[in-house]
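What follows is a single structure, written as structure tokens, with notes after it.
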Amino acid sequence: MKASSVQQAFRSLTSRIHPQLPLSERESQRLLNALTSSFRSHLDHHHNHDAAASVTSASASTQHPLSPTTATDRHLASILTNPLLTKPVHQQLKAKSKHPIALFEDQVAAGRANLPSARLCLESFRTSLSSLPPAQVKDQIARYAAGSRALRWLWTSAHTRSLSFALDARFCSHLAFFLIHEGKETALWELIDTPVATSASLTAKEASMRKGLLLSSIVKTHLSGPDKSLESALSAFFRALDTSQTSHASITHAGVQLTGALVNFGRFSDSDVALYDKFIDAVPRWTKKHPDRAIYRIANLTLHHPTTPSADPALDFIRELRPLASHPFLNPT
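Quick note on the working numbering: the sequence shown kicks off at 26 and runs consecutively.
Now the structure itself:
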């Protein structure tokens, strides 16, 4: 006993003076095999009766004897599948479910984000807001900043260079909605005012049209929702109209959209009426290529004027229409 104690003390002292060197790869593998065999033998010793009970027939056990490895694996499987150690289904589903904007951020981080997936995430978040009171909607929009996150991804993924995202009307609508309600409408105007480099695949006309689609989304956002504002929509339109020579943004889509909204709008304030008259005067500016359409839209807007409606322009337009027999589409020669 004394010799053994002296040997242990000597080994302890030498290990402090000369620490043991790390095991080689071969020695590590031998140690791992020894530990594994010892672990399995202990499990088989204590749980061998459970493994034997799982054998369905005596003949099957005779033909295929249960190896120690199989017994150990079955025992581990029984532990891992024990209901007491597994999470309920509803907890698993809850763990897997994520907020749409968090899911979008995960996709961006993994490099898997694209316009369809971004649109679905924004759409899902926007749909979830429909059942909330206004104060909570405002809080959620400010908290998750969905528009800012989507715009940052657009910049880093080079979608803003060609404004290709504007061709996805639903994504563009959601982007404008969130940015405007986050108080960052200026970011949308930067996209409209920034020149777009043309190429063989992107003509100047196409670039102008894409800017016009983005402008239409801004106007649509101001005209929709419980906090809709005709004044904000018209102010946005006039801003684009005044800068169209430098931004080269198409105004037609937004102009047509506003024409339909004005003739169906309910209540008008005094400032709205003044903007209504200003819009009528501006119709020829954004319909230069189609003067007949300008006359029709002015007649329609005058007919539905909120304070002084008049049918005279509409009647003049009808009187000046060509007879069908002499219409160029019917008689091309």
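Backbone N, C-alpha and C fix where the C-beta goes; we use that ideal spot for every residue, glycine too.
Thr-228 and Arg-235 have their C-alpha atoms spaced approximately 11 Å apart. Beta-carbon to beta-carbon, Leu-240 and Ala-279 are separated by about 5 Å, close enough to satisfy the 8 Å threshold. With distances taken between CA atoms, Val-298 lies nearest to Leu-259 out of Ala-319, Asp-317, Leu-259. Of all alpha-carbon atoms in Asn-325, Ala-127, Phe-196, the one lying nearest the alpha-carbon of Leu-238 is that of Phe-196. Residue environment: His-199 is assigned as buried (16 or more neighbouring CB atoms within 10 Å of its CB, all protein chains considered).
Ranked by Cα distance from Glu-345, the options Pro-158, Ile-166, Leu-128, Tyr-321 are led by Tyr-321. With distances taken between CA atoms, Tyr-169 lies nearest to Leu-147 out of Ile-343, Leu-147, Asn-58.
Selection Ser-226, Arg-65, Leu-266 evaluated against Val-244 yields Leu-266 as nearest (Cα-Cα).
Within the same chain, Thr-327, Leu-328 come within 8 Å of Pro-334 by CB-CB distance, once the 5 residues on both sides are set aside. Cα atoms of Pro-338 and Ile-323: separation of roughly 8 Å, rounded to the nearest angstrom. In this structure Ala-171 is buried. Its beta-carbon is surrounded by 16 or more other beta-carbon atoms within 10 angstroms. Asp-337 sits in a helix when the DSSP states are folded into three classes. Minimum Cα-Cα distance from His-273 among the listed residues Gly-285, Ala-319, Leu-216 corresponds to Leu-216.
Taking Ile-343 as reference, the option from Pro-331, His-330, Thr-332, Asp-317 with the minimal CA-CA separation is Asp-317.
For Lys-209, the three-state secondary structure derived from DSSP is coil. Setting aside the 5 residues that flank it on each side, Leu-154 is surrounded in the same chain by Val-162, Gln-165, each with a C-beta closer than 7 Å to its C-beta; the list follows chain order. His-247 sits in a helix when the DSSP states are folded into three classes. It is roughly 12 Å from the alpha-carbon of Gln-132 to the alpha-carbon of Pro-141. Annotation: Phe-150 to Gly-250 spans about 16 Å, alpha carbon to alpha carbon.
DSSP, read as helix, strand or coil, puts Asp-295 in helix.
Straight-line spacing of the CA atoms in Lys-313 and Thr-277 works out to 10 Å. Glu-207 places its beta carbon 8 Å or farther from that of Ser-254. By the C-beta density criterion, His-247 is buried, having at least 16 other C-beta atoms within 10 angstroms. In this structure, the beta-carbon distance from Asn-325 to Val-288 falls below 8 Å. Gly-285 sits in a helix when the DSSP states are folded into three classes.
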